[in-house]
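Each residue of the sequence shown is one higher than the one before, starting from 1 at the first, in UniProt numbering. For every residue, glycine included, the Cβ atom is placed at its ideal position computed from N, Cα and C. A quick write-up on the structure given underneath.
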Amino acid sequence: MRQAIVLGILACLSLVSYVRAEDPYVYLNWVVEYGEISPLDVKQRGILINGQFPGPTVNVVTNDNVIVNLENKLDEPLLLTWNGVKQRKTSWQDGVLGTNCPIPPNSNWTYKMQMKDQIGTFTYFPSTLMHRAAGGFGGFNILARSVIPVPYPKPYEEFTVLVSDWWKKDHKELQQILDSGNPFPLPDGILINGKPRLTSFNVVPGQTYLFRVSNVGMTTSINFRIQGHTLRLVECEGSHTMQEMYESLDIHVGQSSSFLVTVHSHNPKDYFIVASTRFTKPILTATAVLHYQGSNSPASGPLPVAPTYHVHWSMKQARTVRWNLTANAARPNPQGSFHYGTIQVVRTIVLENSAAKINGKLRYAVNKVSYINPDTPLKLADYFNIPDVFTLNSIKDSPPAGPAALGTSVVGTTLHDFVEIVFQNSESTIQSWHLDGYDFWTVGFGSGKWNTTLRRRFYNYNDAPTRYTVQVYPYSWSAILVSLDNKGMWNLRSAIWPRRYLGQELYVRVWNDERSLFTEYDIPPNALLCGKVKH
């Protein structure tokens, strides 16, 4: 009897220890609905989350479990995607049409995610139709655990800065323009946290602040700068960087960067915070105010000068962003302990973007395939072995000859493959590419055509930063290396949203034959079913 009691006590203690060891939970209840907004002084229909435009900023801690109950009060099906958040072992929560059935109007669905081994600056936004042109986006920041040091002093305060291009047209009107095969119009303005001007960031003289800056726009690269201050880059998209000083930094569509800014300790006055478009004519500019405590002097011109139109300056700047190999990541191990430059590449995939006329209408393609979404999400078809939804390797590993055609592009890969992906841009506009569920090493940027021998000589095999979005300059190429260690069906897309809407995307199936919760979680019990698996 005594032995049984002791064993029972030990079992209870073990259970208590297990419960206490579970990572914290963060619960968010979001209502997504239309509301009237006027960011460019014209009343229009916007997408609000809990009545806010932009949506609420999420601040969580590494390894937190995040539960988002989303109620869709729009008149169309909706999904939110979590830009840069890795979704370890569960593409079921990715929030794109290849993995999830959309949430029908006047219904709700609950996302369940863990911020496993991540830190950094991320965003969220609608992935369905052209909803993103009406709002529904916000900041998503993952803070380091208190036991994991970051390579800079704790800032006095943090600011989330969302820069977006904006149109006065309704999002359904913009969608109709694309559906009819017409070119997408240029933006009407630029916003900082939903406003072209008057957004204010209040600071105390002499203190240091962390600015988390994200380009949540749809088409336009931006340049970010603060009048009379320098920017110390400390993080980009989950990687601690070497702390270079910048007068300004280009941030391309879908990208995020974090800066330390030490404000002056004497003669308090206000300064302009500036975001302006890159590679556009005319240049569009938005301003906010860095408001000093005790200041009686409003911000005044001239604005800090923007860089020139030429892309070479931007490409050279991109090469200066390097990984901090001595800093901890989300776990207590040096970021540089994974020597990516010494790993054997098992496959090279060259992806070329192009515009094409298909059935008389403008479309965009990758390796001559313009993506169309089937009625059944690819992930569900894969899980339930539903035929005739997609075909593995239905897109070539290098650009083929011939005309572009409609299709459902899926690249088949094996779990733990180490892959080189080259984005080849043969057009006159800048491109931006994002891979869900992953970060990757941005090892090379170059002009002209990429080739297998010459270009690799210029790769950064030592301290290239890991990112989740990479820009590709006009008539140029960008190369990434990625370790495919996250099993699932993952969206690889153009971050230039009209191009993505008209087919510039594909999916990467990362797979092995082992059925194990150590490599991929089961289908969630609340999964929505549609298409061929609806019943």
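Assuming contact is defined by CB atoms lying nearer than 8 Å, are VAL216 and ILE192 in contact in what I supplied? For the purposes of this step, residue 216 is taken as the residue at position 216 of the sequence shown. For the purposes of this step, residue 192 is taken as the residue at position 192 of the sequence shown. Cβ distance not < 8 Å, so VAL216 and ILE192 don't count as in contact.
Taking just the CA atoms, how far does PHE445 sit from ALA288? Taking the first residue of the sequence shown as position 1, residue 288 is located at position 288. Taking the first residue of the sequence shown as position 1, residue 445 is located at position 445. If you take the alpha carbons of ALA288 and PHE445, they lie about 32 Å apart.
Are the beta-carbon atoms belonging to VAL32 and GLY138 less than 8 Å from one another? Locating residue 32 in the sequence shown gives position 32, counting from the first residue. Locating residue 138 in the sequence shown gives position 138, counting from the first residue. No, they are not a contact pair.
In whole angstroms, what separates the C-alpha of LEU28 from that of ASN69? Taking the sequence shown and counting its residues from 1, one reaches residue 28 at position 28. Taking the sequence shown and counting its residues from 1, one reaches residue 69 at position 69. Looking at the two C-alpha atoms, the distance is approximately 6 Å.
At least three beta-carbon pairs within less than 8 Å, the region 521–534 to the region 101–113: yes
Looking at ILE222 and TYR271, is the spacing between their C-beta atoms short of 8 Å? Residue mapping note: residue 271 aligns to position 271 of the sequence shown, counting from 1. Residue mapping note: residue 222 aligns to position 222 of the sequence shown, counting from 1. No, the pair does not count as a contact, with Cβ atoms beyond the cut-off.
Burial state of LEU351, where buried means 16 or more other Cβ atoms lie within 10 Å: Along the sequence shown, one-based indexing puts residue 351 at 351. The residue in question, LEU351, is buried, as its Cβ has 16 or more Cβ neighbours within 10 Å.
Per-residue DSSP class, three states only, for TRP497: Taking the first residue of the sequence shown as 1, we reach residue 497 at position 497. Here TRP497 sits in helix by DSSP.
Following the continuous beta strand (DSSP E) through SER164, name the residue where it begins and the one where it ends. Against the sequence shown, residue 164 aligns to sequence position 164. Residues 157–166.
Given that a residue counts as buried once 16 or more other Cβ atoms are within 10 Å of its Cβ, and exposed if not, what is GLY189? For the purposes of this step, residue 189 is taken as the residue at position 189 of the sequence shown. Buried, by the Cβ-count rule.
Please classify TYR521 as buried or exposed, where buried requires at least 16 other C-beta atoms within 10 Å of its C-beta. Sequence index remark: in the sequence shown, residue 521 carries index 521 (1-based). It is buried - the Cβ of TYR521 has at least 16 other Cβ atoms within 10 Å.
Residues that THR199 bridges to, as DSSP identifies them: One-based indexing of the sequence shown puts residue 199 at position 199. Bridge partners of THR199: none, in fact.
Residues in the same chain with beta-carbon distance under 8 Å from THR519, minus the five sequence neighbours each way, listed in chain order, please. Position 519 of the sequence shown, counted from the start, is the residue given in the question as residue 519. LYS89, LEU415, LYS487 and ASN512.
Express the C-alpha separation of VAL422 and HIS434 in angstroms, rounding to a whole number. Position 434 of the sequence shown, counted from the start, is the residue given in the question as residue 434. Position 422 of the sequence shown, counted from the start, is the residue given in the question as residue 422. Using only the alpha carbons, I get a separation of about 13 Å.
If we ignore side chains and look at the alpha-carbon of each, how far apart do LEU13 and GLU71 end up? The residue labelled residue 13 in the question sits at position 13 within the sequence shown. The residue labelled residue 71 in the question sits at position 71 within the sequence shown. Caution is warranted here: a pLDDT of 39 is assigned to LEU13, below 50, making its placement in the model unreliable, and the coordinate value is therefore given only provisionally. Between LEU13 and GLU71, the C-alpha separation is close to 40 Å.
Are ASN353 and VAL345 closer than 8 Å when you measure CB to CB? To locate residue 353, count along the sequence shown from 1; it is residue 353. To locate residue 345, count along the sequence shown from 1; it is residue 345. No, the Cβ-Cβ distance between ASN353 and VAL345 is not below 8 Å.
Between ILE273 and the rest of its own chain, which residues show a CB-CB distance below 6 Å, the 5 nearest in sequence each way excluded? Numbered from 1 along the sequence shown, position 273 holds the residue referred to as residue 273. Only ILE226, ALA288 and LEU290 meet the Cβ criterion.
Check ASP250 in the structure and name its three-state DSSP category. As a working note, residue 250 is residue 250 in the sequence shown. Strand, per DSSP.
Validate contact between the region 467–484 and the region 253–272 using beta carbons, cut 8 Å, 3 pairs: yes
Under a three-way DSSP split, which group does MET115 fall into? Taking the sequence shown and counting its residues from 1, the one referred to as residue 115 is at position 115. Coil, per DSSP.
Quick one: what's got a C-beta closer than 6 Å to residue 537's C-beta in the same chain, skipping five residues either side? No statement about residue 537 is possible, as the shown extent of the chain runs from 1 to 535 and does not include it.
Just confirm the distance between the C-beta atoms of SER476 and GLY448, as a whole number of angstroms; I'd bet it's less than 8 Å. Taking the sequence shown and counting its residues from 1, the one referred to as residue 476 is at position 476. Taking the sequence shown and counting its residues from 1, the one referred to as residue 448 is at position 448. Contact holds; Cβ gap of about 7 Å.
Own chain partners of GLN431 with C-beta closer than 6 Å, once the 5 adjacent residues on each side are dropped: Here residue 431 refers to the residue found at position 431 of the sequence shown. So the list reads ASN353, ASN425 and VAL472, once near-sequence residues are dropped.
ILE273 - partner residues in DSSP beta bridges: The sequence position of residue 273 within the sequence shown is 273, counting from 1. DSSP, once it has assigned bridges, lists ILE226 and ALA288 as partnering ILE273.
When the Cα atoms are used, what is the spatial distance from ASN267 to PHE201? Numbered from its first residue, the sequence shown carries residue 267 at position 267. Numbered from its first residue, the sequence shown carries residue 201 at position 201. One C-alpha to the other measures close to 18 Å.
Please list, in chain order, all residues of the same chain as THR348 whose beta carbon is under 6 Å from its beta carbon, the five residues on each side excluded. Taking the first residue of the sequence shown as position 1, residue 348 is located at position 348. The residues are GLU420.
Residue from ARG331, ASP388, ASN385 and ALA405 with nearest C-alpha to ALA355: Mapped onto the sequence shown, residue 355 falls at position 355. That would be ALA405, whose Cα lies nearest to the Cα of ALA355.
Would you decide whether PHE184 is buried or exposed? Buried here means 16 or more other CB atoms lie within 10 Å of its CB. Here residue 184 corresponds to residue number 184 of the sequence shown, with the count starting at 1. Flag for PHE184 reads buried.
State buried or exposed for LYS379, treating a residue as buried only when at least 16 other CB atoms are found within 10 Å of its CB. Residue mapping note: residue 379 aligns to position 379 of the sequence shown, counting from 1. So LYS379 ends up on the buried side.
Other residues of its chain near LEU484: CB distance less than 8 Å, five sequence neighbours each side excluded: Against the sequence shown, residue 484 aligns to sequence position 484. Excluding sequence neighbours, LEU484 sits near THR413, THR414, LEU415, HIS416, ASP417, PHE418, VAL419, TYR438, VAL508 and VAL510.
Per the DSSP calculation, LEU406 is bridged to which residue(s)? Stepping through the sequence shown from its first residue, residue 406 is reached at position 406. DSSP lists SER370 as partners of LEU406.
Closest by C-alpha distance to HIS171, when choosing among LEU303, THR199 and ALA133: On the sequence shown, position 171 is the one that residue 171 refers to. Closest option to HIS171, Cα to Cα, is ALA133.
Specify the secondary structure class of LYS487 as computed by DSSP and reduced to three states. Taking the first residue of the sequence shown as 1, we reach residue 487 at position 487. Correct three-state label for LYS487: coil.
Quick check on ALA318: does DSSP put it in helix, strand or coil? Against the sequence shown, residue 318 aligns to sequence position 318. Three-state DSSP puts ALA318 in a helix.
Beta-carbon gap between GLU235 and GLY120 smaller than 8 Å: The count along the sequence shown starts at 1 and reaches residue 235 at position 235. The count along the sequence shown starts at 1 and reaches residue 120 at position 120. Yes; because the gap between Cβ atoms is below 8 Å, this pair is in contact.
Could you name the residues of the same chain whose beta carbon sits closer than 6 Å to that of ASP117, not counting the 5 residues immediately before and after it, in chain order? The residue you call residue 117 lines up with position 117 of the sequence shown. Result list for ASP117: ALA330 and ARG331, in chain order.
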